[in-house]
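**Student:** Pasting a structure here, questions to come.
Number of protein chains: 2
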Amino acid sequence: MSVTKQLKGPIVECVPNFSEGRRREVIDTIRNEIDSVLYVKVLDVHSDYDHNRSVITFVGKPAAVAEAGVAAVRAASRLIDLRKHEGVHPRLGAADVIPLTPIRDCDMEDCARLAREVAKRIWNELDIPTYLYAHAAVKKDRIRLEDVRLKGFEQMRSLVLKDKNRRPDFGGPALHPTAGASIVGARDPLIAFNVNLKSRDVGIAKEIAEAIREKNSGLVGLKALGLKLSSGRCVQVSTNITRTDVVSPFRVYELVKEEATKRGVQVACSELVGLMPLCSLIDSVRDAVMFDSFDRSRIIELDL
Amino acid sequence: MSVTKQLKGPIVECVPNFSEGRRREVIDTIRNEIDSVLYVKVLDVHSDYDHNRSVITFVGKPAAVAEAGVAAVRAASRLIDLRKHEGVHPRLGAADVIPLTPIRDCDMEDCARLAREVAKRIWNELDIPTYLYAHAAVKKDRIRLEDVRLKGFEQMRSLVLKDKNRRPDFGGPALHPTAGASIVGARDPLIAFNVNLKSRDVGIAKEIAEAIREKNSGLVGLKALGLKLSSGRCVQVSTNITRTDVVSPFRVYELVKEEATKRGVQVACSELVGLMPLCSLIDSVRDAVMFDSFDRSRIIELDL
Chain A
1 MSVTKQLKGP IVECVPNFSE GRRREVIDTI RNEIDSVLYV KVLDVHSDYD HNRSVITFVG
61 KPAAVAEAGV AAVRAASRLI DLRKHEGVHP RLGAADVIPL TPIRDCDMED CARLAREVAK
121 RIWNELDIPT YLYAHAAVKK DRIRLEDVRL KGFEQMRSLV LKDKNRRPDF GGPALHPTAG
181 ASIVGARDPL IAFNVNLKSR DVGIAKEIAE AIREKNSGLV GLKALGLKLS SGRCVQVSTN
241 ITRTDVVSPF RVYELVKEEA TKRGVQVACS ELVGLMPLCS LIDSVRDAVM FDSFDRSRII
301 ELDL
Chain B
305 MSVTKQLKGP IVECVPNFSE GRRREVIDTI RNEIDSVLYV KVLDVHSDYD HNRSVITFVG
365 KPAAVAEAGV AAVRAASRLI DLRKHEGVHP RLGAADVIPL TPIRDCDMED CARLAREVAK
425 RIWNELDIPT YLYAHAAVKK DRIRLEDVRL KGFEQMRSLV LKDKNRRPDF GGPALHPTAG
485 ASIVGARDPL IAFNVNLKSR DVGIAKEIAE AIREKNSGLV GLKALGLKLS SGRCVQVSTN
545 ITRTDVVSPF RVYELVKEEA TKRGVQVACS ELVGLMPLCS LIDSVRDAVM FDSFDRSRII
605 ELDL
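Top line first, the protein sequences correspond to chains A and B. Going by our numbering, the first residue of the first sequence is number 1, and it counts up by one from there. Going by our numbering, the first residue of the second sequence is number 305, and it counts up by one from there.
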């Protein structure tokens, strides 16, 4: 039976990112910690060798999600040592980011409160300092994840000691020596969508990322990084689509492809990290085949 | 509440095509005849000016669907006179094609039996001869719709009198003077998908249709026609995707676009007639953005 039918009342989604994408047993342990909490269900686990990072998607009752979130950070801090961690994706903590999203019968303010509670517990119970971001932020300049994380653990562990403005929201000022700090927040659904290019030149991926992100008059709400994939023969444009209501994965794909073509580079494939909302599926097809009108009522199973 | 929850037991889908796409009141009357039958629900009505044709999608309990089908043919034969009907889409009857598809708790054989029952009633009650096609066919050379319909009403009304092999399965041999004949069958889900091209040259649309259809080593299960749209500045490649399990609308779109580009022609837009299954939505996105792996479990709402 589906989890939404099993559980009455409010449901929250949590998509924590952990700085381990290679050691299967570590990822399984963290996953099992989450899954063992009553009223919580793991929907997806995505591990990436090059990023050396795993993204776990789970849903459940708000209090259970908070419990599972803290349990996951505890397991991650026991098993991951950032001093030995290498990966192409920026990160600040063993449990790097812990975003909460309202799914049913609750709102962003509920999730922001829950996020602050989780952040406080992580410091109190685990001695890991925490930052609040997005809708849970309490400082204006900490709304955007990248403004909190900056260049990550190696830069931030000295910065917090020198610069008062960089201190964690809970605990610190020193970061945890092996687990760094965790960034906890409440946000709208987000799509983590990567496009791999048939090139070994990370400069091209970085150029394309620059060109397509919102900051530089690209797509609204689009964040993008150019990364080198050590395991393959590819470079990657790694994106976050934060305005899933207006930008479809297909539009991002098309734009990356267009920019790549200009530079004589082909797209190899793309990947979705975690899940995406139904509207993005519908919008992608509308954009991809230029439907003059299209919505979910045109899908047999969804209309029945 | 959704119709599948309201109705217990078997559910059948019916997607009749009527030779009227311009007179709103005629289409509304036919739709209302269907909708007035208990345990039946109309999901979609699609009318096309150029085709001068409407496609109504409805679902319900098998006996109710049969009842609504016959009622719709009765209304269509009262309101549509094929001698005065012009449109770019081939047709044999006022109610041209009446396909049945198993949706839940029934199989193709059930739908084939139901189709034969409907076909028999249309002759017995309305004096309109009928043909059986697809899984309901009782003659080997009547499986494919296009082999039954040939060039439509004007050709067939004389052919049935001359050629024994062309006689209807029920009734006839003469076609009904104004309502022609109806073609009733049972089939798998099908996607009616049209791509409009920025060209006034119907020869190009016909060439592309030739190139992409299964018959000529195009896509498996793909049927295609090149049509001229009188109302616009476009020509159309009008397709039926009959193997929705292997060919996505995006692949058809891409192939049409590729063939059009070769001929220096651009795609204007595309349209879905009626509904399509969820798997085709998923497959289109997989094809469109080159996902290395993707299925319905990656969509939040479908996984919850």
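Ideal Cβ positions, reconstructed from N, Cα and C, are used throughout, including at glycine. Model, not experiment: these values are computed from the prediction.
Any idea if Glu429 (chain B) is buried or exposed, counting beta-carbon neighbours within 10 angstroms, 16 or more meaning buried?
**Tutor:** Glu429 (chain B) should be labelled exposed.
**Student:** Below 8 Å on C-beta distance, what does Tyr287 (chain B) contact in chain A?
**Tutor:** No answer is possible for residue 287 (chain B): it lies beyond the span of chain B, which begins at 305 and ends at 608.
**Student:** Have a look at Leu606 (chain B) and Ser280 (chain A) and give me their C-alpha separation to the nearest angstrom.
**Tutor:** Each residue's Cα considered, the two are about 13 Å apart.
**Student:** Tell me the rounded alpha-carbon separation between Ser323 (chain B) and Pro581 (chain B).
**Tutor:** In a straight line, the C-alpha of Ser323 (chain B) is about 25 Å away from that of Pro581 (chain B).
**Student:** Can you tell me which residues form a DSSP beta bridge with Arg446 (chain B)?
**Tutor:** Answer is none; Arg446 (chain B) lacks a bridge partner.
**Student:** Could you spell out where the alpha helix (DSSP H) holding Tyr437 (chain B) opens and where it closes?
**Tutor:** Run containing Tyr437 (chain B): none in the alpha helix (DSSP H); it sits in the beta strand (DSSP E), Thr434 to Ala438.
**Student:** Measuring CB atoms only, is the stretch 192–211 of chain A touching the stretch 252–272 of chain A, in the sense that at least three cross pairs come out at less than 8 Å?
**Tutor:** Enough Cβ pairs lie closer than 8 Å, so yes.
**Student:** Could you check where the beta strand (DSSP E) with Leu501 (chain B) kicks off and where it finishes?
**Tutor:** Where Leu501 (chain B) is concerned, the enclosing beta strand (DSSP E) stretches over Ile495 to Leu501.
**Student:** Taking C-beta pairs closer than 8 Å, name the residues in chain B that Glu301 (chain A) reaches, listed in chain order.
**Tutor:** The answer, in chain order, is Pro581 and Leu582.
**Student:** Is Cys583 (chain B) helix, strand or coil by DSSP?
**Tutor:** Of the three classes helix, strand and coil, the one that applies to Cys583 (chain B) here is helix, per DSSP.
**Student:** Please decide whether Pro433 (chain B) counts as near chain A, where near means a Cβ-Cβ distance under 8 Å.
**Tutor:** So no, Pro433 (chain B) is outside the interface.
**Student:** Are any of the Cβ atoms in chain A nearer than 8 Å to that of Val330 (chain B)?
**Tutor:** For Val330 (chain B), the answer is no, since every Cβ of chain A falls outside 8 Å of its Cβ.
**Student:** In this structure, does DSSP put Gly578 (chain B) in helix, strand or coil?
**Tutor:** In the structure shown, Gly578 (chain B) sits in coil (DSSP, three-state: anything other than H, G, I, E or B).
**Student:** 8 Å is my cut-off, CB to CB: does Phe170 (chain A) come that close to chain B?
**Tutor:** No, because no Cβ of chain B sits closer than 8 Å to the Cβ of Phe170 (chain A).
**Student:** Entirely within the stretch 494–566 of chain B and at least 4 residues each: give me those alpha helix (DSSP H) ranges in chain order.
**Tutor:** Counting only runs of 4 or more, we get 506–516 and 553–566.
**Student:** With respect to the alpha helix (DSSP H) encompassing Arg417 (chain B), which residues constitute its N-terminal and C-terminal limits?
**Tutor:** First-last of the alpha helix (DSSP H) with Arg417 (chain B): Met412 to Leu430.
**Student:** Is Val316 (chain B) helix, strand or coil when you go by DSSP?
**Tutor:** Val316 (chain B) falls in the strand class under three-state DSSP.
**Student:** Does DSSP put Val248 (chain B) in a helix, in a strand, or in coil?
**Tutor:** The question about residue 248 (chain B) has no answer, for chain B in this structure spans 305 to 608.
**Student:** Compute the Euclidean distance between the alpha carbons of Leu219 (chain A) and Leu386 (chain B), then round it to the nearest angstrom.
**Tutor:** If you take the alpha carbons of Leu219 (chain A) and Leu386 (chain B), they lie about 51 Å apart.
**Student:** So which residues of chain B does Cys269 (chain A) contact, with C-beta pairs closer than 8 Å?
**Tutor:** In chain order: Met594, Phe595 and Asp596.
**Student:** Any idea which residues DSSP pairs Pro628 (chain B) with across the strands?
**Tutor:** With chain B covering only 305 through 608, there is no way to say anything about residue 628 (chain B).
**Student:** By the three-class DSSP mapping on this structure, what secondary structure does Arg23 (chain A) have?
**Tutor:** Of the three classes helix, strand and coil, the one that applies to Arg23 (chain A) here is coil, per DSSP.
**Student:** Please name the residue in A:Phe153, A:Ala71 and A:Ala72 whose C-alpha comes closest to that of Gly87 (chain A).
**Tutor:** Among A:Phe153, A:Ala71 and A:Ala72, the Cα nearest to that of Gly87 (chain A) belongs to A:Phe153.
**Student:** Using a Cβ cut-off of 8 Å (strictly closer), state whether Leu298 (chain A) contacts chain B.
**Tutor:** Looking at the sequence itself, residue 298 (chain A) is Arg, so the reference to Leu does not match. Chain B, which has a Cβ nearer than 8 Å to the Cβ of Arg298 (chain A), makes this yes.
**Student:** Excluding the five sequence neighbours on either side, which residues of its own chain have a C-beta within less than 6 Å of the C-beta of Met290 (chain A), listed in chain order?
**Tutor:** There are no such residues.
**Student:** Assign Asp239 (chain A) to buried or exposed, taking buried as 16 or more other Cβ atoms, counted over all protein chains shown, within 10 Å of its Cβ.
**Tutor:** Checking the sequence shown, residue 239 (chain A) turns out to be Thr, not Asp. The residue is buried, with at least 16 neighbouring Cβ atoms inside 10 Å.
**Student:** I need the straight-line Cα distance from Met1 (chain A) to Lys215 (chain A), nearest angstrom please.
**Tutor:** The predicted model places Met1 (chain A) with a pLDDT of 44, which falls under 50 and marks its position as unreliable, so this point remains unresolved.
**Student:** Any idea what DSSP makes of Ile604 (chain B), helix, strand or coil?
**Tutor:** Helix, per DSSP.
**Student:** In the DSSP assignment, what are the bridge partners of Ser351 (chain B)?
**Tutor:** Its beta-bridge partners are B:Ser358.
**Student:** Report the rounded CA-to-CA distance for Leu38 (chain A) versus Val55 (chain A), giving the unit in angstroms.
**Tutor:** So the two alpha carbons sit approximately 21 Å from each other.
**Student:** Can you tell me whether Gly391 (chain B) is helix, strand or coil according to DSSP?
**Tutor:** Coil, per DSSP.
**Student:** What number of angstroms, rounded off, separates the C-alpha of Gly433 (chain B) from the C-alpha of Leu463 (chain B)?
**Tutor:** A small correction: the amino acid at residue 433 (chain B) is Pro; Gly does not occupy that position in the sequence shown. Their backbone Cα atoms lie some 14 Å apart in a straight line.
**Student:** Give the interface partners of Val59 (chain A) over in chain B, defined as CB-CB distance under 8 Å, in chain order.
**Tutor:** Those are Leu608, listed as they occur along chain B.
**Student:** If we count the other Cβ atoms within 10 Å of its Cβ and call it buried at 16 or more, is Arg448 (chain B) buried or exposed?
**Tutor:** With fewer than 16 Cβ atoms within 10 Å of its Cβ, Arg448 (chain B) is classed as exposed.
**Student:** Helix, strand or coil: which one does DSSP assign to Lys345 (chain B)?
**Tutor:** Strand at Lys345 (chain B).
**Student:** Check the Cβ of Leu576 (chain B) against every Cβ in chain A and list those closer than 7 Å, keeping chain order.
**Tutor:** Residues of chain A passing the Cβ test: Phe291, Phe294 and Arg298.
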